[in-house]
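Q: For the record, the sequence lines run as chains A and B. First residue of the first sequence? That's 78 in the working numbering, and the numbers climb one at a time after it. First residue of the second sequence? That's 9 in the working numbering, and the numbers climb one at a time after it.
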Amino acid sequence: DAGITQSPRHKVTETGTPVTLRCHQTENHRYMYWYRQDPGHGLRLIHYSYGVKDTDKGEVSDGYSVSRSKTEDFLLTLESATSSQTSVYFCAISESERTWTSGRQRTDTQYFGPGTRLTVL
Amino acid sequence: EDQVTQSPEALRLQEGESSSLNCSYTVSGLRGLFWYRQDPGKGPEFLFTLYSAGEEKEKERLKATLTKKESFLHITAPKPEDSATYLCAVRPARQLTFGSGTQLTVLP
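(1) Is there a Cβ of chain B sitting closer than 8 Å to that of phenylalanine 151 of chain A, yes or no?
(2) What residue from A:Pro95, A:Gly128, A:Thr82 and A:Val89 has the CA that sits closest to serine 157 of chain A's CA?
(3) Which stretch, first to last residue, makes up the beta strand (DSSP E) that contains serine 13 of chain B?
(4) Where DSSP assigns a beta bridge to glutamine 46 of chain B, which residues make up the other side?
(5) Can we say the segment 25-33 of chain B touches the segment 76-88 of chain B, given the rule of at least three CB pairs closer than 8 Å?
(6) Using a C-beta cutoff of 8 Å, does glutamine 11 of chain B count as contacting chain A?
(7) Compare the C-alpha of tyrosine 110 of chain A against each of A:Thr90, A:Glu149 and A:His118 and name the closest.
(8) Identify the continuous beta strand (DSSP E) that holds alanine 72 of chain B and give its terminal residues.
(9) I want to know whether the segment 131-150 of chain A touches the segment 164-173 of chain A - three or more CB-CB distances under 8 Å.
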């Protein structure tokens, strides 16, 4: 397994409360990603980071914020949790976004953490 | 709009019964197609990356192939431990787009 840990692994919280999920990597990879996985929707990108303090929005970023103050840690915050944010959250890392191989641009592989199951009541 | 469709949604096989999973995609400029395996309660585990039509990759009982419109994951003589959800993802211009997965059950 890639050196990725997520905490907590399970959390139950109430609507309106703030929640922070943590992703920690030991691979020194530049890129880190937060996804959510819901039945029927597959994995969807929330936010990603391409370096310390450098972040950008993904497909489903509304209601979420992120921070990355160190290479190894990427935090996902739900400022005021809602029931629609009940989901399984996965962190992923990649060494780069793209590489060049044989003169062609290739997408670098993303490796995933074990996930955090969040329930918002 | 970039789309990835996996079929079937669920597949039950007897041990040793070979079959294929399909991943159809419509993207503007493919920059990689990825296959992952996901066990219940765990994160996706990387299997293969394919970049060009005609490319093939193999790992144990799994073989992934790619055309301009779809990818197949062929499973030869599967075993119960191959039971999992198999996810396909494509990379167009910006970010990975995932399919909903095929849940494979291999019965002993």
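In this text, a Cβ means the ideal position worked out from N, Cα and C, and glycines have one as well.
A: Judging by the given coordinates:
(1) Here the question's residue 151 of chain A lines up with position 74 in the first sequence. False, the Cβ-Cβ gap to chain B never drops below 8 Å.
(2) Locating residue 157 of chain A in the first sequence gives position 80, where the first residue counts as 1. It is A:Pro95 whose Cα lies nearest to the Cα of serine 157 of chain A.
(3) On the second sequence, position 5 is the one that residue 13 of chain B refers to. In the sequence as displayed, the identity of residue 13 of chain B is threonine instead of serine. Element bounds for threonine 13 of chain B: 11-15.
(4) As a first step, residue 46 of chain B must be located in the second sequence, where it is residue number 38. Note: glutamine 46 of chain B sits in a beta bridge opposite B:Thr93.
(5) yes
(6) Counting from 1 along the second sequence, the entry for residue 11 of chain B is found at position 3. False, the Cβ-Cβ gap to chain A never drops below 8 Å.
(7) Position 33 of the first sequence, counting from 1, holds the residue named residue 110 of chain A. Checked all of A:Thr90, A:Glu149 and A:His118; the closest Cα to tyrosine 110 of chain A is A:Glu149.
(8) As a working mapping, residue 72 of chain B is identified with position 64 in the second sequence. Looking at the DSSP string, the run of the beta strand (DSSP E) that includes alanine 72 of chain B is 70-74.
(9) no
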